[in-house]
Every structure is written in structure tokens, then in C-alpha cells.
Amino acid sequence: MTQSNCRVAGQGAYLPERVLTNADISAFVDTSDEWIRARTGISERRIADDSQNTSDLGYEAAKIALADAGLDADDIDLIVVATTTPDLVFPATAALIQDRLGMRHGAAFDVQAVCSGFIYALAVADGLLKGGVFNRALVIGAETMSRILDWEDRSTCVLFGDGAGAWILEKTDDNAAGLLGYDLRCEGRFTPLLKTTGGVSSTRTSGYLRMEGPAVFKHAVTKISNSMARLLEREEIEIDEIDWFVPHQANQRILEGVADKLKISREKVVSTVARHGNTSAASVPLAFHQAVLDGRIQRGHLCLLEALGGGLTWGSALVRF
Ligand code: COA
Numbered sequence: 002m003t004q005s006n007c008r009v010a011g012q013g014a015y016l017p018e019r020v021l022t023n024a025d026i027s028a029f030v031d032t033s034d035e036w037i038r039a040r041t042g043i044s045e046r047r048i049a050d051d052s053q054n055t056s057d058l059g060y061e062a063a064k065i066a067l068a069d070a071g072l073d074a075d076d077i078d079l080i081v082v083a084t085t086t087p088d089l090v091f092p093a094t095a096a097l098i099q100d101r102l103g104m105r106h107g108a109a110f111d112v113q114a115v116c117s118g119f120i121y122a123l124a125v126a127d128g129l130l131k132g133g134v135f136n137r138a139l140v141i142g143a144e145t146m147s148r149i150l151d152w153e154d155r156s157t158c159v160l161f162g163d164g165a166g167a168w169i170l171e172k173t174d175d176n177a178a179g180l181l182g183y184d185l186r187c188e189g190r191f192t193p194l195l196k197t198t199g200g201v202s203s204t205r206t207s208g209y210l211r212m213e214g215p216a217v218f219k220h221a222v223t224k225i226s227n228s229m230a231r232l233l234e235r236e237e238i239e240i241d242e243i244d245w246f247v248p249h250q251a252n253q254r255i256l257e258g259v260a261d262k263l264k265i266s267r268e269k270v271v272s273t274v275a276r277h278g279n280t281s282a283a284s285v286p287l288a289f290h291q292a293v294l295d296g297r298i299q300r301g302h303l304c305l306l307e308a309l310g311g312g313l314t315w316g317s318a319l320v321r322f
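Using my numbering, the first residue of the sequence shown is number 2, and each one after it goes up by one.
And the structure:
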């Protein structure tokens with residue numbers, strides 16, 4: 002039997018226009034540009050305009066990905082959106098984006114795995130495409146994290162930003178191309194380390210993001226490194242074969258710690274954390290898009306993606322672009 006894979010037919014990303022610098026934040030909470038840059042690597046982040054919701058950011062990224070693939074919405078029959086900050090409790094943000102794209106066919110739903118959401122969504126779409134039910138998927142990571150931040154909590158409000166990234170996945174008979182494999186994990190017992198203070202069924206509000214930063218930091222380096230090592234071993238790929246490491250953009254020290262642990266040279270690490278902050282499920286496709294735009298990631302390159310977020314959830318994916 003011929004084994005099929007899912008290739009990345011196109012990709013895109015969108016950032017809202019408003020820039021919030023570290024100096025801007027220092028004006029209303031007790032922090033400094035020096036502390037934020039030294040402890041996180043972040044200089045600025047984008048914040049959605051009051052009129053923009055998560056679906057608006059996702060829609061803009063989707064249009065760019067469709068144009069990149071030379072396709073239009075009629076060619077898509079599955080939309081999977083990874084988000085923790087949906088416009089509404091229901092319908093899914095994927096349904097809202099489907100409507101904006103003018104689609105009247107196919108299926109659309111959201112995946113909730115917080116910052117690991119895009120890796121989870123890729124795996125879900127890959128499985129559905131390979132199962133033969135759908136032909137082409139639009140996979141989006143989109144977030145307005147600014148809406149669930151407590152802007153008086155300096156330990157979290159400096160870390161996050163808004164944005165969206167999108168990929169088009171389609172089946173290919175070339176089993177050396179596209180999404181080669183993934184590793185997904187969750188340990189719900191770590192919920193107290195990273196969560197919101199509310200939810201629909203508990204408080205009837207969304208609540209605010211809370212994080213035990215230093216504890217999450219320690220879990221991040223170990224768990225992400227182990228996930229990547231497991232994936233590389235399973236797929237029989239040596240670390241030197243990786244062209245680009247595209248990590249979740251949570252903290253420059255985490256992504257460098259992971260790269261060092263796996264002996265990935267710093268030149269291969271795609272980092273956009275300085276300009277984007279942590280955009281949760283949007284962070285990996287946003288960073289990927291930046292590296293494609295500036296000519297680093299090219300067709301045929303082997304890329305290793307990873308993320309860790311609330312749950313804790315975490316995972317990694319190998320993609321031959
Ligand atoms: N400005 C100034 N001081 C701050 C601050 C800020 N914005 N935020 C926290 N601090 C202070 C704390 O109050 C604490 O002070 P104390 O020691 O007097 O109690 C101190 O800084 C903590 O410093 P440190 O232990 O060195 O923090 P850190 O190096 O672990 O950095 C984070 C803090 C949050 C940046 C870091 O832990 C982190 O990035 N965590 C993980 C994030 C992550 O992986 N997210 C992924 C899932 S979304």
C-alpha cells in the first residue's frame with residue numbers, strides 16, 4: 002500500500018498593527034525594559050485593536066496562506082483552528098472563519114491545547130486527511146491573549162501577545178515530504194502551574210491567566226527536549242539532519258536551553274520572541290512564516306517544531322517543507 006503524507010501547500014501569518022513595547026508596559030506596572038529583555042528576550046509584542054477578534058486575525062492569516070498555496074476557499078474542505086481565546090463560547094472560531102471565507106461546504110472546528118494548540122491541530126488535520134475523509138485542510142493558530150491577561154500582574158502581562166498563523170495541508174504520495182511525524186503529550190496534574198482563574202461552567206467568566214513561571218520554565222526545557230528526542234528516534238532522523246528548529250516562542254532562554262540540550266546549533270534556531278512575545282497557538286506558524294519570508298526556510302528543508310502550554314500539554318512535529 003502506498004503511504005501518503007500531508008505536505009504544506011502554503012503558509013501565512015498576520016500580526017495586528019498596534020505595537021506594545023516594554024517601555025509602554027513599564028508605564029503602568031512595576032517592571033522595566035531591562036528586566037523583560039534579560040529574563041525573556043522580549044522587546045515588544047502586538048496587541049489586537051478593540052475591533053479585532055481572534056477570528057479576524059485567523060482570517061487574515063488564512064487569506065495569506067491560501068494565496069501562498071495558489072488556492073481559494075473552495076479548494077479547502079476542513080478548517081481546524083487552535084485557539085484558547087475564541088471569539089465566542091460557540092460556535093467555534095473555525096466556523097466564524099469558514100463563514101468569512103465564504104465557504105458553504107466542508108467541516109470546521111476548534112482544538113484547545115493552549116500554546117501547544119498548533120502542533121495538536123496539525124496532528125488532528127493530518128489524521129483526518131490521511132483517513133481519506135477530507136482533501137485539503139486549513140490549519141490555523143490564532144490568539145488574542147491580551148484579552149485574558151491581568152494587566153496588573155507583571156509576572157504574566159509582559160510575556161504574551163496577539164497574532165495568527167495558518168498552514169494549508171494537502172495529501173501527497175511523496176512520503177519523504179510534509180508532516181513526517183509528531184509527538185503529543187499532556188499531564189493534567191500540572192494544571193495549577195498554568196491556568197485561568199475562571200471558565201464558563203465554573204465562574205461564567207473567562208478569568209485571567211495565571212502562571213507559576215519558574216516552575217513552568219523547568220518543565221518546559223525537560224519535557225520539550227524529551228519529546229523532540231523521542232520523535233527523532235521514532236522517525237530515525239539525526240539531529241544534524243534538521244535544517245531549522247522552530248520552537249514555541251515563550252522565552253528566549255527556554256528555546257536556547259532546549260536547543261543546547263539537543264545540541265542544535267544556535268544558527269538553526271528561529272526566534273521571533275523579541276518582536277512577537279508569546280502568541281500561544283499562533284507562535285510556531287508566526288515564527289515559521291517569518292523565516293520563510295526572510296529566506297531562511299526554503300522548500301525541501303527539514304524543520305523541527307515544538308511547543309508547551311497549559312495542561313500541561315506539549316509536543317513536537319517534524320516537517321519537510
Ligand atoms: N518585572 C520585574 N520583575 C519581575 C517581573 C517583571 N515583569 N515578573 C516577575 N518578576 C520578579 C518576581 O516578582 C520575582 O521576584 P522575587 O524573587 O522577589 O519574588 C522574580 O522576578 C522572579 O525572577 P526569576 O525567578 O529569575 O524569574 P525567571 O527567570 O524564572 O523569569 C519568567 C520569570 C516568567 C519570565 C520565566 O519563568 C518564564 O518564562 N517561565 C515560563 C514561561 C513559559 O514557558 N511559558 C510557556 C507556556 S505558555
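We put the CB at the ideal spot given by N, CA and C, even for glycine. As the structure is a computational prediction, the values presented were derived from the model and not from experiment.
For residue i, count neighbouring Cβ atoms within 10 angstroms of its own Cβ and tell me buried if that reaches 16, exposed if not.
i	result
D31	exposed
K1	Residue 1 falls outside the range modelled here, since the chain spans only 2 to 322, and no answer is possible.
G200	exposed
N176	exposed
L89	exposed
E144	buried
T206	exposed
Y15	buried
K224	buried
R8	buried
T41	buried
E61	buried
R47	buried
V293	buried
F29	exposed
G132	exposed
A66	buried
T204	exposed
V134	exposed
T314	buried
Sort out for me which residues DSSP pairs residue i with in a bridge.
i	result
E144	G164
N6	T173
P248	E307
W315	R186 and L309
M229	Note: M229 sits in no beta bridge, so no partner.
L129	The partner list for L129 (beta bridge, DSSP) is empty, contrary to what the question assumes.
T55	The partner list for T55 (beta bridge, DSSP) is empty, contrary to what the question assumes.
E45	T22
D111	V82
N279	F161
G11	I169
Taking residue i as the reference, which of the options has the closest Cα?
i	options	result
H106	R155, A138, V115 and S117	A138
Q12	L305, T223 and F289	F289
T197	E234, D151, L170 and E239	D151
G310	L97, N136, I77 and A83	A83
L72	A283, A318, W168 and L232	W168
V81	W36, G208, G128 and D51	G128
K219	F191, L232, R211 and A70	F191
V112	L123, M104 and G103	L123
R276	N23, R267, N6 and R254	N23
N227	D244, S202 and R186	R186
A308	R155, I77 and H249	H249
A165	Q299, E18, P92 and A318	E18
I238	R267, A251 and L181	L181
A74	T86, Q53, L102 and G214	L102
G118	V159, V274 and P87	P87
L319	L97, L303 and A260	L303
R155	V20, I98, L210 and E242	L210
F91	Q253, A49 and A109	A109
I43	T280, L58 and V247	T280
For ligand 1, is there any heavy atom lying closer than 7 Å to the beta carbon of residue i?
i	result
T223	no
A95	no
V159	yes
P215	yes
S156	yes
I255	yes
C116	yes
T32	yes
R105	no
L195	yes
N252	yes
N6	no
T41	yes
W152	no
F246	no
I98	no
F29	no
I149	no
L309	yes
W36	yes
F289	no
N227	no
F218	yes
N54	no
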